[in-house]
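Worksheet: one structure, shown below.
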Amino acid sequence: MTCCDATLAEPMFPSQRWGGFRVLPARVEFWQESPDGLHDRIRYRRGDDGWIIERLAP
95 MTCCDATLAE PMFPSQRWGG FRVLPARVEF WQESPDGLHD RIRYRRGDDG WIIERLAP
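Under my numbering, the first residue of the sequence shown carries the number 95, and numbering increases by one thereafter.
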């Protein structure tokens, strides 16, 4: 039994007033600042066989 199974032995259901959105992105870009100016930028694009990872900078 995993820790989650032990913690959530009873199913949890959202309240009747709960709402949400399902987001299915075609691409996502991450940017991480660096003090030396060599910021890290990585883009993930959805391909036919999974995600394609592209380094944009440095």
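Beta carbons are placed, not taken as given, at the ideal position from N, Cα and C, and that holds for glycine.
Item                                                                                           : Value
Distance between beta carbons of Arg-135 and Arg-121, contact taken as under 8 Å               : Actually they are not in contact, since the Cβ atoms of Arg-121 and Arg-135 sit about 13 Å apart, beyond 8 Å.
Spatially closest choice to Pro-119 from His-133, Trp-145, Pro-129, Glu-104, by CA coordinates : Trp-145
Reduced DSSP category for Leu-118 - H, G, I as helix; E, B as strand; rest coil                : coil
Three-state secondary structure (DSSP) of Glu-63                                               : Absent from the structure is residue 63, since the part of the chain shown begins at 95 and ends at 152.
Leu-150 (DSSP reduced to helix, strand or coil)                                                : strand
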